[in-house]
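Residue numbers (our numbering): 9 to 156.
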């Protein structure tokens with residue numbers, strides 16, 4: 009029986025650092041909650057969507073900071089570009105939050121689909137680069153201690 013979730017964690021997304029994988033799983037869970045909030049068109053649904061959006065923004069900020077600190081500590085050469093990608097994503101998300109809160113037309117479903125694509129592509133491709141760089145020849149315990 010397949011998973012009928014809008015977005016779900018797969019072991020292939022693992023970067024080999026359990027604390028980062030746990031954070032990625034939480035991002036996926038929050039995106040799933042946001043999707044479920046989209047399905048409810050009521051005022052309660054809008055309130056819930058707004059709450060989950062704020063939770064997601066806060067968690068993304070925390071997670072990106074943890075990733076960037078880790079990349080800095082391991083001397084990952086792709087950090088500047090990775091950081092730019094994070095900044096572009098945060099800018100887009102904050103723009104959508106602002107639009108949603110000011111009553112401008114935002115299609116929650118379209119926004120959540122954008123989130124899903126970005127998160128999965130980022131985890132499955134971009135984050136794998138620092139994951140393999142970080143785990144190469146380093147004991148697991150050392151890596152776990154580097155992550156906040």
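Note that CB positions come from ideal geometry on N, CA and C, so glycine has one too.
8 Å Cβ cutoff met for residue i and residue j
i	j	result
residue 31	residue 71	yes
residue 75	residue 15	no
residue 64	residue 42	yes
Three-state secondary structure assigned by DSSP to residue i
i	result
residue 143	helix
residue 50	coil
residue 12	coil
residue 126	helix
residue 105	helix
C-alpha distance - residue i paired with residue j, whole-angstrom precision
i	j	result
residue 107	residue 68	19 Å
residue 91	residue 48	34 Å
residue 84	residue 98	21 Å
residue 73	residue 45	27 Å
residue 57	residue 66	14 Å
residue 140	residue 123	24 Å
residue 132	residue 18	10 Å
Exposure label - residue i; buried when at least 16 CB within 10 Å
i	result
residue 135	buried
residue 119	buried
residue 62	exposed
residue 88	exposed
residue 102	exposed
residue 145	exposed
residue 55	exposed
Which residue spans inside the segment 19 to 92 form an unbroken alpha helix (DSSP H) run of at least 4?
26 to 46, 51 to 82
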